Amino acid sequence: MAKSVTKSLLDIHPRELKGIIKEIPTLPVIYQELFQKMQEPNVSVPQIAEIISKDQALTVKILHLVNSAFYGYSKEIKTISRAVVILGFQAVRSAALAISVFDYFNGEDSSQIDMTQFWKHSIATGSICKVLASEIRINQQEEAFVVGLLHDTGKLIEKRYFSEDFEDLCLAAQEQQLTWFDAEKALFQINHATIGKAIFRAWKFPTSVVDAVQFHHSPDSATQYPQLAALAHLGDYMAYPLGYPSPGAIPPQGCNESALKLLGITLDDCQRLVPKFKEDLESSLEILNLV
Ligand SMILES: [Fe+2]
Ligand SMILES: [Fe+2]
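Numbers given in our numbering equal positions in the sequence shown, counted from 1, plus 15.
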């Protein structure tokens, strides 16, 4: 697997990102086939089950995840078809999206940032987004979880394929006490949110995920899925005081006011939801077993 890309982040203009991303190995074809199929309006359960069952390892992992406390179903689900029927396409798609990204970055070392802390921050953000979505009655709880879970994937692309730039970011963030986003702003023209967008678009992820990940630090600019982007922003913000900070940089210095307004929630409301966040988190952290 190519471990570095020909250019440094220093030289990359946002317009060039799409071309650079092509140098990065893609997800296995089965995932792309699956995500594309699941976006078709008339897709059937057997069609999805057939694609997944072509890959034994994926089948086992999806069943493991849907049988975990995270989905809270008490009877054992033994086949993918049943998983789709009982939990729905959305849940199975979320499980597959999570597994595909975890598999892709499997074995990433902790020399620059603590990877366990990175995944815990991701899972915590996903959990918080899911609880918030249910509290404010947004009908996209699965989507919210996935967006929270994957919001910082661009950082892993930086770490794996632009490792010298990643090192510089770690140093800048620590020495100048910056957030990761501000360190990126100081050093480069692109950041982990735009990289996340480019990579997920190339991997044919659902547009909602692509869009919300792109705008998780600038929810004001989201036009297609502003609520999901606002949720990802708030979920990320709340993960820090809950004890699940992202490694390598200082916490965000504030929460975007218009994101709160759009969601119709205040930081005091969020504070009251902390016990619920924590409860959901406990079962979500089981996902770490997949990493
Ligand atoms: Fe981020
Ligand atoms: Fe984050």
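Glycine included, C-beta positions come from ideal geometry on N, C-alpha and C. Model, not experiment: these values are computed from the prediction.
Quiz item: Going by alpha carbons, who is nearest to F196 out of S261, K135 and L147?
Solution: S261
Quiz prompt | Inter-residue Cα distance where the pair is V161 and S109 | solution = 6 Å
Quiz item: Quick one: complete beta strand (DSSP E) runs, 3+ long, within the stretch 65 to 108?
Solution: none
Self-check item: Length at least 4, wholly inside the stretch 197 to 221: the alpha helix (DSSP H) runs in chain order
Solution: 207 to 217
Quiz item: Where does the unbroken alpha helix (DSSP H) through P290 begin, and where does it stop?
Solution: V289 to S299
Quiz item: Is any heavy atom of ligand 1 found at a distance shorter than 8 Å from the C-beta of S83?
Solution: no
Self-check item: Closer than 8 Å: A254 CB and nearest ligand 2 heavy atom
Solution: yes
Self-check item: Segments of 4+ residues assigned as alpha helix (DSSP H) that fall wholly inside the stretch 167 to 196
Solution: 168 to 176 and 178 to 190
Quiz item: What is the rounded straight-line gap between the Cα of S233 and the Cα of S83?
Solution: 34 Å
Self-check item: Local conformation of N304 per DSSP, three classes
Solution: helix
Quiz item: Can a CB atom of chain D be found closer than 9 Å to the CB of K93?
Solution: The structure shown has no chain D; it contains just one protein chain.
Quiz prompt | Integer-rounded CB distance, given that L202 should sit under 8 Å from A187 | solution = 6 Å
Quiz item: Does the beta-carbon of G263 have 16 or more other beta-carbons within 10 angstroms, so that it is buried, or is it exposed?
Solution: buried
Quiz item: Do the stretch 69 to 77 and the stretch 241 to 249 make contact, defined as three or more Cβ pairs closer than 8 Å?
Solution: no
Self-check item: A17, DSSP secondary structure in three states
Solution: Its pLDDT being 49, under 50, A17 is placed unreliably in this model, and the value from its coordinates should be taken loosely. DSSP places A17 in coil when its eight states are reduced to three.
Exercise. Determine the burial state of M16: buried for a count of at least 16 other Cβ atoms within 10 Å of its Cβ, exposed for fewer.
Key: Reliability fails at M16, whose pLDDT of 47 lies under 50, so the model's placement of it is uncertain and the value that follows must be treated cautiously. When all chains shown are included, M16 counts as exposed.
Practice problem: Please classify E157: is it buried, with 16 or more other beta-carbons within 10 angstroms of its beta-carbon, or exposed? | Solution: buried
Exercise. With distances taken Cα to Cα, identify the nearest neighbour of I1 among A98, K90 and I35.
Key: The structure shown has nothing for residue 1, since the chain only spans 16 to 306.
Quiz item: Looking only at C-alpha atoms, which of L112, R30 and V60 sits nearest to T222?
Solution: L112
Quiz prompt | Pairwise C-alpha distance: K69 and V60 | solution = 15 Å
Practice problem: Alpha carbon to alpha carbon, how far is E55 from L49? Give it in angstroms, no decimals. | Solution: 10 Å
Quiz item: What do you reckon, is the C-beta of T140 under 8 Å from a heavy atom of ligand 2?
Solution: yes
Quiz item: According to the Cβ coordinates, are H136 and I172 closer than 9 Å?
Solution: no
Practice problem: Counting only the same chain and skipping the five closest in sequence on each side, list residues whose C-beta sits under 8 Å from that of I92. | Solution: L78, V81, N82, A98, I101 and L102
Practice problem: Report whether the distance from the Cβ of F120 to the nearest heavy atom of ligand 1 is below 8 Å. | Solution: no
Practice problem: Take the Cβ of R30 as the centre, count every other Cβ of all protein chains shown within 10 Å, and call the residue buried at 16 or more, exposed below. | Solution: exposed
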